[in-house]
Amino acid sequence: MSKAIRHRLTGSTDIDESAVLTFPQGLPGFEAYRRWVLAGEEDSAIRWLLCADDEHIALPVTDPLLVDPDYAPHLPPDTLAAVGAAGPEEVVLLVVLILPRGGRPWRGTANLLAPLVIHPATRLGRQVVLNDDRYRILTPLLPEEEIARIEGGKP
Amino acid sequence: MLVLTRRKGESLVIGLGAGVEVTVLECGPAFVRLGIQAPRDIEVWRKEILAEITEANRTAAAVQREDAAGLEDFLRKAKKPG
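From first to last, the protein sequence lines stand for chains E and P. Under this note's numbering, residues 14 to 168 are what the first sequence spells out, in order. Under this note's numbering, residues -5 to 76 are what the second sequence spells out, in order.
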């Protein structure tokens, strides 16, 4: 069953009820919201996790491997079980981005410490905090020299 | 706030039949190590980290669509050799 949801970021979007992802605990900061929809092209680097029940709430997300090609966190077995996964190969990881307001998106950060763990088949998700000191909440999206190169090329 | 004294190896139970149990595993001068048993749907967070992630999520959600403009190319270019 498909219905249109309105969202400030995407305008009116036709979504299938079956596309709704359920985060049974909500997300930290958005505990009351359990139903989310992933919007944006499948192959697009930046996608949007839209709150299905509040058109003002959306989080930009990306594939953590685009930020850190070696990203390979150990996922707690309880987290995997909570989303209905038998093993880490069954889940998809996305990380939440903080983008500066009004420009310079390359100065954004990704939350590699607390990825979203999503099971595509059960459509259950959970944001988990890793017990892993390799990863940070505010991880720069690009290395410093890359930022310098981008900004050096600007007037 | 309820205040209880527990020794190493002792536990406390939260709720009747809720399956939540906290055990003191180790005590140091400035820390205690706790073992927590809880049903899967009860998440356990370090409070200060939960606060940081709450803050990060709320900041992330203040985004406008145009704030991401161009980022896609930068991300892909930066990661592709050559």
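Note that beta-carbon positions come from the ideal geometry of N, C-alpha and C, so glycine has one too. From a predicted model like this one, the values you see are computed outputs, not experimental measurements.
{"Asked": "Taking the alpha carbon of E/Glu30 as the reference point, which residue from E/Arg21, E/Ala65, E/Phe36 has its own alpha carbon closest?", "Found": "E/Ala65"}
{"Asked": "Can you find the residues in the same chain that come closer than 8 Å, C-beta to C-beta, to E/Ile163, ignoring five residues on each side of it along the sequence?", "Found": "Trp119, Leu155"}
{"Asked": "Would you mind telling me which residues of chain P sit closer than 8 Å to E/Asp91, beta carbon to beta carbon, in chain order?", "Found": "Arg34"}
{"Asked": "Put E/Ser160 into one of helix, strand or coil per three-state DSSP.", "Found": "Here residue 160 of chain E is Ile; the residue named in the question, Ser, does not match the sequence. Three-state DSSP puts E/Ile160 in a helix."}
{"Asked": "For P/Ala19, go through chain E and note every residue whose CB falls closer than 8 Å to its CB, in chain order.", "Found": "Looking at the sequence provided, one finds Leu at residue 19 of chain P rather than Ala. Those do not exist, as P/Leu19 stays about 15 Å from chain E at its closest Cβ, beyond 8 Å."}
{"Asked": "Select from P/Ala32, P/Thr53, P/Glu37, P/Gly64 the residue whose C-alpha is nearest the C-alpha of P/Gly9.", "Found": "P/Ala32"}
{"Asked": "Considering only DSSP beta bridges, list what P/Gly29 is partnered with.", "Found": "P/Thr17"}
{"Asked": "Does chain E have any CB closer than 9 Å to the CB of P/Ala62?", "Found": "yes"}
{"Asked": "Which bits of chain P does E/Val142 rub up against, with CB to CB less than 7 Å?", "Found": "Trp39, Ile43, Ile47"}
{"Asked": "When the Cα of E/Gly115 is compared with those of P/Leu69, P/Val18, P/Glu60, P/Leu28, which residue comes out closest?", "Found": "P/Glu60"}
{"Asked": "Here's the rule: buried if 16 or more other CB atoms are within 10 angstroms of the residue's CB, otherwise exposed. What is P/Arg40?", "Found": "exposed"}
{"Asked": "Rounded to the nearest angstrom, what separates E/Thr122 and E/Pro90 at their Cα positions?", "Found": "27 Å"}
{"Asked": "What would DSSP say about E/Leu126, mapped onto helix, strand or coil?", "Found": "coil"}
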